[in-house]
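Protein chains in written order, with the working numbering: chain U, 1 to 419; chain D, 420 to 641; chain W, 642 to 1085. Glycine is no exception: its CB is placed at the ideal position from the N, C-alpha and C atoms. A quick note: this is a predicted structure, and the numbers were derived from the prediction, not measured.
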Amino acid sequence: MWKQLLHRIYNERKQNTWLYVELLIVLAIIWVAFNDLYKSYQLSTLPTGTNIENCWRLRIGRSVSTSIDEHPDFSQDYAAITQIMKNIRQDNAVDAIGLTVNSMPYSSNNSNISMYLAKDSLNNKKYVHGVLIRYYNKDVMRVFRCKDIHGRPLADQIPAIEKHYIIPTKSTALKMAGHTNIIDTLVTGFDNGPMPILQIAENIRYSDYEEVMDGCYEVITEKDLSEFIESEGATSNSVQVCLRMKQHMTQQDMENWLNKNKALISTSPLYINSATSFSLIKAGLNEYFVRQIKQRVFLVSFLLVCAFLGILGTFWLRTSQRRKEIGLLMAIGSSKAHIILNFIYEGLFILLCTLPLIILYIGYYITTGHLSSHEEIVIPTIITSVLSIITMSLLIIGGVLISAWSTFKIQAAEVLHDE
Amino acid sequence: MITLENINKVYRTSEIETQALENVHIHVNKGEFLSIMGPSGCGKSTLLNIMGLLDTPTSGELIIDNVNITSLGDKAAAKFRNQNLGFIFQSFHLIHSLNILDNVELPLLYRKGLSSKERTEKAKAILEKVGLSHRMHHMPTQLSGGQCQRVAIARAMIGDPKILLADEPTGNLDSKMGTEIMDLLHQFNEEDNRTVIMVTHNELQAKQTDRTIRFFDGRQIK
Amino acid sequence: MTCMISKIEKQSILSSKTSKYNIIFQHMKHLFKQTFFQLKKNKVIFGLTIIGSALSVAGIMLLELMIQIYLNPTPPEVNKERTLIARAVQIRNGDFTTNSYYGIEGIRKIWRPLKTPELVGLIASESKVFSSVSKTSYKPSTVAYVDGNYFKILSFDFVEGRPFTENDCINKRPIAVITNKMAIKLWGHAENAVGKTILNDQTPFKVIGIVEPATMGNFVSSSDIWIPYTTSEIVMNTNDETQGIGGGISVLILAKNKADFPKIQNEIVTKCKEVEQSYPFTITPRTIDTAAGMMYNPEGWANHTTDPSAFYKKYGSLALLFLLVPAVNLLGLIFASFKKREAEISIRRAYGASIGDIISLLLRENLIITCIGGVIGLILAWLLIPLIIDFLIFHPDSSATISIWSLIKIEAIAIALIISFLLNFLCSSIPAWRVSKTPIVNSL
Chain U
1 MWKQLLHRIY
11 NERKQNTWLY
21 VELLIVLAII
31 WVAFNDLYKS
41 YQLSTLPTGT
51 NIENCWRLRI
61 GRSVSTSIDE
71 HPDFSQDYAA
81 ITQIMKNIRQ
91 DNAVDAIGLT
101 VNSMPYSSNN
111 SNISMYLAKD
121 SLNNKKYVHG
131 VLIRYYNKDV
141 MRVFRCKDIH
151 GRPLADQIPA
161 IEKHYIIPTK
171 STALKMAGHT
181 NIIDTLVTGF
191 DNGPMPILQI
201 AENIRYSDYE
211 EVMDGCYEVI
221 TEKDLSEFIE
231 SEGATSNSVQ
241 VCLRMKQHMT
251 QQDMENWLNK
261 NKALISTSPL
271 YINSATSFSL
281 IKAGLNEYFV
291 RQIKQRVFLV
301 SFLLVCAFLG
311 ILGTFWLRTS
321 QRRKEIGLLM
331 AIGSSKAHII
341 LNFIYEGLFI
351 LLCTLPLIIL
361 YIGYYITTGH
371 LSSHEEIVIP
381 TIITSVLSII
391 TMSLLIIGGV
401 LISAWSTFKI
411 QAAEVLHDE
Chain D
420 MITLENINKV
430 YRTSEIETQA
440 LENVHIHVNK
450 GEFLSIMGPS
460 GCGKSTLLNI
470 MGLLDTPTSG
480 ELIIDNVNIT
490 SLGDKAAAKF
500 RNQNLGFIFQ
510 SFHLIHSLNI
520 LDNVELPLLY
530 RKGLSSKERT
540 EKAKAILEKV
550 GLSHRMHHMP
560 TQLSGGQCQR
570 VAIARAMIGD
580 PKILLADEPT
590 GNLDSKMGTE
600 IMDLLHQFNE
610 EDNRTVIMVT
620 HNELQAKQTD
630 RTIRFFDGRQ
640 IK
Chain W
642 MTCMISKIEK
652 QSILSSKTSK
662 YNIIFQHMKH
672 LFKQTFFQLK
682 KNKVIFGLTI
692 IGSALSVAGI
702 MLLELMIQIY
712 LNPTPPEVNK
722 ERTLIARAVQ
732 IRNGDFTTNS
742 YYGIEGIRKI
752 WRPLKTPELV
762 GLIASESKVF
772 SSVSKTSYKP
782 STVAYVDGNY
792 FKILSFDFVE
802 GRPFTENDCI
812 NKRPIAVITN
822 KMAIKLWGHA
832 ENAVGKTILN
842 DQTPFKVIGI
852 VEPATMGNFV
862 SSSDIWIPYT
872 TSEIVMNTND
882 ETQGIGGGIS
892 VLILAKNKAD
902 FPKIQNEIVT
912 KCKEVEQSYP
922 FTITPRTIDT
932 AAGMMYNPEG
942 WANHTTDPSA
952 FYKKYGSLAL
962 LFLLVPAVNL
972 LGLIFASFKK
982 REAEISIRRA
992 YGASIGDIIS
1002 LLLRENLIIT
1012 CIGGVIGLIL
1022 AWLLIPLIID
1032 FLIFHPDSSA
1042 TISIWSLIKI
1052 EAIAIALIIS
1062 FLLNFLCSSI
1072 PAWRVSKTPI
1082 VNSL
């Protein structure tokens, strides 16, 4: 039976050219779409280097009314916010709390710097550009459970003596030095002069759908924070109080907690006036990417529907043009099921014939670097290829079955008789 | 061997009802060469189709070799056709995208227990018998009408069927080729005592058969 | 007598004319009926072609909708066609490079003095918690710091009260305009909200106006609260390294007409060069977006350079895709049914049909297909678009609905139908063309 199938397909190759082309194009599109989706999925499951579970961003309000003309007095702000944070830290429900300026995760701030190892001579320096910088102190690192490349918490490794340190992430370190044994080395590129490397942190990503970015933490001091707050005020949107609760809380839970602890959360002239969950903030940042994915999924679905219609039509025509043959096969003694199965095998075999070209195309796609830069290429490619082939096979089987359904309503006698 | 009892065939559409066959009683003996004659539209092809299990009668029974065929399901009927019947049609019905050898092998594909090699051997043998083994790798479009019909006969015979049903086998051929085909049919009938039932327009050919049944308007006439 | 005769003559001329039209009309009707029955015979193939057309039309409608949502001037952004939005400026010297929105000094020195625009307004947004005296809120709202010109450029629907003026801004009045949704959030209802007090960081602000919230496709008018920009420390801050040239403010420019856009572009570049003389850094204005540009970059990322033609490239190629893909599928069907169609056309020619007759037949078939396909496509679009529009486009307030159907332009539908018809016709002419090249006997 396979021999007959092969002979037939070989003999019909010229007639079927368009079918081959159509299947090839559709298969290629499906594969690219699956690859894209898989890549996005892979990216979204990679760790982002920050743990935002049970984390909330608190905003600060001014509890003392000021008239518009008055320039508000920020001098009390730092002391007040420090006191508030101290109070909150002592509450049983709280895991950690810290203050950062413009550097909370998933904010739309992506300020970056360029840096290189100080010891590299002018000609030899490996400048790393576009390094995402986050200004954290020990408290904030505790909130977000920032880890070094060995998995140990960074917060515990920050010395008590207030000094500026740099903690580059693994990818930054590799770009600067080629290896991660660069602790205590000086790094240049900052306004305040070179700073020593305290530790190497695990990689971070700006959002869930983007690749790993080169990043680094600059360990800031109390003085940095107090200076900023004194000039901008604690109610500035750049001031981000980050809180980690011990348990999961809903928005309502959080508001209840704030209501209950009014004394804790206010120290004149400031008070905590809102709490936003970081998962909400993250969703806001990811929205752009998710929407891109949704749009692409929609487009591919449209293409697939059209492709299915095309394939359905083609197989319908082939089946109806073969009515006499079907009648003959029934006369010879084949059952209807067998004939349908044969058509399906034929369709799938034609699909198989397009595979060599597809493999070439995939190879071309990989070598031109369209695939992600992750270490693994083989397994994702196999998964996406298998999925694509299964989808196409389903399209073809569907096409054959639908066309068979009505064609087989005829009796063999009708088609064979010439009158 | 073949008995048709009280066969009726009515074609119903939403508007018209056509009685193709009415109260047909036929008995065919084993090894008989039967010809069925009648004007166009008299139902002789319908009769052949019913005998060949290609169509089901509206009422009545068909018994072949003591087996009540009318009660068989689709799968069983297909198996029966494959093992016991051979068909020859007026317009050959060869598959154009397969070569002669593949066309002839077709019925054997649905028989279990035969290897590919065995099938090819049998096909070659039967093509030898009809005198076309030198053309077995050609395509049907490269053969003349008479040759095509011979291939069709080879296909019908490859399964060693007990009954051969031929629907105007010489209708599309000239007289010389027609004679060749008839010779083949007679050969098969006499050699292995096969039953042959043939529908024809040709009086001459009908005279050469064992028995002739005439039909008119769905009814058998003497 | 002669008048009577001429009357009768006139009448008979008239009636023969109408009967002539009648005959033609009947003839066309007959032809179409014939074609229709023929299509019915090949139900599947033509059915698939019709579905293909329908998908094309539905796809184009969706695209048109997505574009019109942003481009169409709907209140309050009624002047969309002659409005520009400047959201990016690059400031650099040897030490730093900043890409940001404009700062208050930037507005004062660069934008306000421009001569070409009719009006220049500003808007800066942030998230902030606003409470009423009675109810403490813990959820931040969106507040927009705007000037008086903002309310002149945009035309808000004031349910109650009035907007604030440039004078209010100069005097730093603690007043606010809020949406009725915000009023409900604060006081449980939106009636008589004018005159009530909201708390901006414990500073009381008086509500002077209530507006309907902005709908989909409006970006610079999407906010919960509007406040004079002069009351915000952050907006008025000039203490940063850019000395206030850069900041967080977007500039709204109302041109006298669209033709002024390039003039404004030139004027701003010149102005920046002029202003940067008195500063230790260079000032380079970056993208100034039209509504189309906003559509391309709705999040307003400052370092996104929007090339206006990129917008047309993206949506143009999408439109092409929606039209071509079903057409390509159709080609596949045509090729597969080649022999049959060729045979049919040959038979017609054998019976005396001229090429003109064949073409007329194809035209009729495709007209019917496009019409039916178009209707199905429209119905499909009507059913599906409301379901998927949320899925596909960005809008800040998903609860604000819009009358989608008022946006769709008849021209777009007409163009889609015409192109679909042409493509179908071209594809189905291929068998006819091949037949005309070979002798009839070969195709039979």
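Taking each of G398(U), T314(U), K336(U), L329(U) in turn and checking the Cα distance to N16(U), the smallest one comes out for T314(U). The residues L895, A896, K897, in chain order, have a CB closer than 7 angstroms to that of E759(W) in the same chain once the five nearest residues on each side in sequence are set aside.
Between the alpha carbons of L401(U) and I340(U) lies a distance of about 7 angstroms.
Looking at the DSSP output, G888(W) bridges to Y742(W).
In this chain, the beta strand (DSSP E) harbouring K847(W) covers 844-852. Identification of chain D residues near L328(U) by a Cβ-Cβ cut-off of 7 angstroms yields H512, ordered along the chain.
Check the Cα spacing between E609(D) and each of G479(D), Q627(D), P588(D): the tightest is with Q627(D).
Comparing alpha-carbon positions, the option among D36(U), H150(U), V241(U), R62(U) lying closest to R89(U) turns out to be V241(U). If you check the CB distance, F452(D) and M617(D) come in under 9 angstroms. Under the Cβ distance rule, Q4(U) counts among the residues neighbouring chain D, one pair being separated by less than 9 angstroms. With fewer than 16 other beta carbons inside 10 angstroms of its own, G997(W) counts as exposed. The beta carbon of C306(U) falls within 9 angstroms of a beta carbon belonging to chain W, placing the residue at that interface. For the pair S773(W) and I1013(W), the CB atoms are not nearer than the 9 angstroms cut-off. In the structure shown, the three-state DSSP call for C216(U) is strand. In this structure K750(W) is buried. Its beta-carbon is surrounded by 16 or more other beta-carbon atoms within 10 angstroms.
For F635(D), the uninterrupted beta strand (DSSP E) run begins and ends at 630-635, by DSSP.
For F1066(W), the three-state secondary structure derived from DSSP is helix. Around the beta-carbon of M85(U), 16 or more other beta-carbon atoms lie within 10 Å, marking it buried.
Residue-level contact by beta carbon holds for G333(U) and chain D, with a gap shorter than 9 angstroms. Apart from sequence neighbours up to five positions away, the residues of its chain that approach Q568(D) with a beta-carbon distance below 7 angstroms are F511, P588, L592, I600, ordered along the chain. Cβ-Cβ separation between A93(U) and M245(U): approximately 6 angstroms, consistent with a contact (criterion under 8 angstroms). By the Cβ neighbour-count rule, N522(D) is buried, with 16 or more other Cβ atoms within 10 Å of its own.
For L423(D), the number of other beta carbons within 10 angstroms of its own is at least 16, and it is reported as buried. Listed in chain order, the positions of the segment 833-861 of chain W with a beta carbon within less than 8 angstroms of a beta carbon of chain U are D842, Q843, T844, P845. When the beta-carbon positions are compared, T614(D) and N427(D) stay at least 9 angstroms from each other. At a Cβ-Cβ threshold of 9 angstroms, N442(D) and R574(D) do not count as neighbours. In the three-state scheme derived from DSSP, where H, G and I count as helix and E and B as strand, R205(U) is classed as strand. The Cβ of P72(U) sits closer than 9 angstroms to at least one Cβ of chain W. Here the alpha carbons of L243(U) and D842(W) stand approximately 21 angstroms from one another. A straight-line Cα-Cα distance of about 16 angstroms links T221(U) and P194(U). Inside the segment 479-518 of chain D, DSSP marks whole alpha helix (DSSP H) runs of 4 or more residues at positions 493-503, from first to last along the chain. Beta-bridge partners assigned by DSSP to R733(W): T738(W), T923(W). Inter-residue distance for F797(W) and V761(W) is about 17 angstroms (C-alpha atoms, whole angstroms).
Of the candidates A439(D), S459(D), S464(D), A496(D), the residue whose Cα lies closest to the Cα of S478(D) is A439(D). For G973(W), the chain U residues whose C-beta falls within less than 9 angstroms of its own C-beta are W18, L19, V21, E22, G310, I311, G313, T314, listed in chain order. Judged by DSSP in its simplified three-state form, M669(W) adopts helix.
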